[in-house]
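**Q** Shown below is the structure under consideration.
Following this line, the structure appears as C-alpha cells:
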C-alpha cells in the first residue's frame, strides 16, 4: 500500500501547475478577445454614416488619396472656399498630370492655381510627414482632412502626432457601398474594417509609446521640397 502511494505522489504537484497554466492562458485569451471586441465597437462608433460639411473654414485642405471620390469631394470644398489651397497627398509617381485634369475638368482653374501634389507619400504615416512639411511651408494653422470614413480615425492619429499644434477638421467621405448596405452584410467590407482597425490600434500604440519617450519607430524624415509639386494634378496611390 505504501509503495503505491509513493508512486502516485510525485504526479500530484505537477498536475496542479499545468491546470493553472491552462486556465491562465484561457483567461488571457478571453480578456484579449473581449477587449478587442469592445475596441472594435468603439472604432466603429467613430465612423460617420453620412457626409457632413466641415463646421468651419480652415487655412488649407489635405486629401489622402486611395478611396473613391475623395479628390472630387476635396475639390468641391476648395471651390466652396473652405480652404485657401489643397494638397493631394499620395499621388502615384507614374500617373500623368492629365489624368485628374480630365476627371475634374470643371475645376480646371482651381487645379492650375491652388492645388499642390505630394508624390512622396506611400502610406498614412508618410501622408502625415508630407502634410506637415506642406503646412509649415505655407504657414497654415488649421487644416481640413479629407479621407474615407473608415480611414479617418487612423489619419487623425497620424496627423495629430505629426502636427500637434495644427487644428484638424475632419471631413469623412462616405462611399456609395457604405450607404447602400450595412457593413456587416458584406464580407469584403467587414474584412476592410477589421484590417483598418488593426492598423488603427497599431498606430495608436506606436504614437502613445512615442509620447512617453519609447519611440520604437522614429518619425520619417522629411522629404526634399522637390517632392511637393505645385499645379501638377495627377491620380493617386491607394491608402
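Residue numbers (our numbering): 9 to 247. No residue lacks a Cβ here, since even glycine has one placed at the ideal position from N, Cα and C. From a predicted model like this one, the values you see are computed outputs, not experimental measurements.
Rounded to the nearest angstrom, how far is the Cβ of residue 122 from that of residue 93, given a contact under 8 Å?
**A** As a working note, residue 122 is residue 114 in the chain shown. As a working note, residue 93 is residue 85 in the chain shown. The Cβ separation is near 5 Å, so the contact holds.
**Q** Is there a Cβ from chain B that is less than 9 Å from the Cβ of residue 167?
**A** The structure shown contains no chain B, having only a single protein chain.
**Q** With distances taken between CB atoms, is the gap from residue 211 to residue 132 smaller than 9 Å?
**A** Working through the chain shown from its first residue, we reach residue 211 at position 203. Working through the chain shown from its first residue, we reach residue 132 at position 124. Yes, the Cβ-Cβ distance between residue 211 and residue 132 is below 9 Å.
**Q** For the alpha helix (DSSP H) that contains residue 164, what are its first and last residues?
**A** In the chain shown, the residue the question calls residue 164 occupies position 156. Here the alpha helix (DSSP H) through residue 164 covers 160-170.
**Q** On the three-state DSSP scale, how would you describe residue 174?
**A** Position 166 of the chain shown, counted from the first residue, corresponds to residue 174. Residue state, collapsed to three classes: coil.
**Q** State the beta-bridge partners of residue 258 as determined by DSSP.
**A** The structure shown does not extend to residue 258, since the chain spans only 9 to 247, so no value can be given for it.
**Q** Taking the straight line between their C-alpha atoms, what separation do you get for residue 101 and residue 221?
**A** Here residue 101 refers to the residue found at position 93 when the chain shown is read from its first residue. Here residue 221 refers to the residue found at position 213 when the chain shown is read from its first residue. Those two C-alpha atoms are separated by around 35 Å.
**Q** Go ahead and pull the three-state DSSP assignment for residue 239.
**A** Start at 1 with the first residue of the chain shown, and residue 239 comes out as number 231. Because the pLDDT at residue 239 is just 47, under 50, the model does not fix this residue reliably, and the value given afterwards should be weighed accordingly. Looking at residue 239 - three-state DSSP - the assignment turns out to be coil, as it is neither helix nor strand.
**Q** Roughly how many angstroms lie between the CA atoms of residue 75 and residue 223, to the nearest whole one?
**A** Taking the first residue of the chain shown as position 1, residue 75 is located at position 67. Taking the first residue of the chain shown as position 1, residue 223 is located at position 215. Computed Cα separation, rounded: 30 Å.
**Q** In whole angstroms, what is the alpha-carbon distance linking residue 194 and residue 208?
**A** Numbered from its first residue, the chain shown carries residue 194 at position 186. Numbered from its first residue, the chain shown carries residue 208 at position 200. Distance between the alpha carbons of residue 194 and residue 208: 21 Å.
**Q** Skipping 5 residues on each side, what residues in its chain have a beta carbon closer than 6 Å to that of residue 66?
**A** Start at 1 with the first residue of the chain shown, and residue 66 comes out as number 58. Cβ neighbours of residue 66 beyond the five flanking positions: 91, 150, 151, 152 and 177.
**Q** Between residue 44 and residue 56, what straight-line distance do the alpha-carbon atoms span, to the nearest angstrom?
**A** The sequence position of residue 44 within the chain shown is 36, counting from 1. The sequence position of residue 56 within the chain shown is 48, counting from 1. The straight-line gap from Cα to Cα measures roughly 21 Å.
**Q** Which residues in the same chain have their Cβ closer than 8 Å to the Cβ of residue 175, if we skip the five residues on either side of it in sequence?
**A** On the chain shown, position 167 is the one that residue 175 refers to. Excluding sequence neighbours, residue 175 sits near 66, 149, 150 and 151.
**Q** Roughly how many angstroms lie between the CA atoms of residue 206 and residue 183, to the nearest whole one?
**A** Mapped onto the chain shown, residue 206 falls at position 198. Mapped onto the chain shown, residue 183 falls at position 175. For residue 206 and residue 183, the distance between alpha carbons rounds to 21 Å.
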